[in-house]
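These notes concern the structure reproduced below.
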Amino acid sequence: MLISTEGQMIRMPVDQIRVIGRATKGVRLINLDQNDKLVSLAKVAEEEPEVEESAD
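All residue numbers for the sequence shown refer to our numbering, where the first residue is 6 and numbers rise by one.
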């Protein structure tokens, strides 16, 4: 998850970020306005599906 000073937030699965070679400029994950800055980057764990317990 990426969060900017202007409140822009993007959450993306890691497997959607492409792998590139050494001689490249990198991968852009978020487009920021001129005065906006990235302030936080966090790893968010995948939610596990809820399992319903049956009453016997």
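All residues carry an ideal CB built from backbone N, CA and C; glycine is no exception.
These numbers were taken from a predicted model, which means no experiment stands behind them.
With DSSP as the reference, label residue i as helix, strand or coil.
i: VAL49; result: coil
i: VAL19; result: helix
i: LEU34; result: coil
i: ILE25; result: coil
i: MET6; result: coil
Thinking C-beta only, is residue j closer than 7 angstroms to residue i?
i: ILE2; j: SER59; result: Within the shown structure, residues of the chain are numbered from 6 to 61, placing residue 2 beyond reach of any answer.
i: MET6; j: VAL56; result: no
i: ILE35; j: ILE22; result: no
i: THR10; j: ASP41; result: yes
Could you check if residue i belongs to the surroundings of the ligand ADP, using beta carbon to heavy atom distance under 6 angstroms?
i: VAL32; result: In the structure shown, the ligand ADP is absent, as is every other ligand, since no ligand is present at all.
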